[in-house]
Amino acid sequence: MGYRSGDFKIHPTQNEQIEAIVKCPEDNRSVINGTVINCKGRPVKDAVVKLFAVNNPCDPLSLCPITHTFTDEYGQFLFGPLCPGKVYLVKVWYNNVKVKPLILDTNKPSHYCLSGDCQQCPPCPKPCPPCPKPCPKNDDYGFPCGGYNE
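Counting from 1314, one number per residue, gives the positions in the sequence shown under this note's numbering.
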């Protein structure tokens, strides 16, 4: 599911104290959130952000669209809840520019790791295992599986 990130605007009056409690149940599902910024570091409003499932990590073209959303006024987006242990790919479009996609795999360390102690993932076994389920030929909007501008 795709969700828009939200914010709460609270305007207390003079001598008013507001106590906000947000209760969240325990959950093992995950979310992907982020911010789209332009080359000047400013947030991009209304960018299209699309989430794909990577059915076969050995074949980056085995993408199946899951959902999409638009960034808010702060350039932020949110996808979730997502099942842990799956491989996802996020693509972003704004002003007819396609931003480099990023594959997110929660099971494997990445060479983009911030701590610097991660190791490069081993190559996929040959031949690659079959996809768990076939990818639809078109997404909900009639575009070929794999996204727009492909």
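For each residue, glycine too, the CB sits at the ideal point set by N, CA and C.
Bear in mind the structure is a predicted one, so any value in this text is a computation, not a measurement.
Sorting Val-1400, Lys-1404, Gln-1327 by C-alpha distance to the C-alpha of Asn-1368 places Val-1400 at the top. DSSP places Gln-1389 within a strand segment (E or B) once states are collapsed to three. Of the other Cβ atoms in all chains shown, 16 or more fall within 10 Å of the Cβ of Thr-1382; this residue is therefore buried.
Ranked by how close their Cα comes to the Cα of Tyr-1387, the residues Lys-1336, His-1324, Gly-1354 have Gly-1354 in first place. Rounded to whole angstroms, the separation of the alpha carbons of Asn-1341 and Val-1405 is 26 Å. Contact check for Leu-1376 against Leu-1395 fails: the beta carbons are separated by 7 Å or more.
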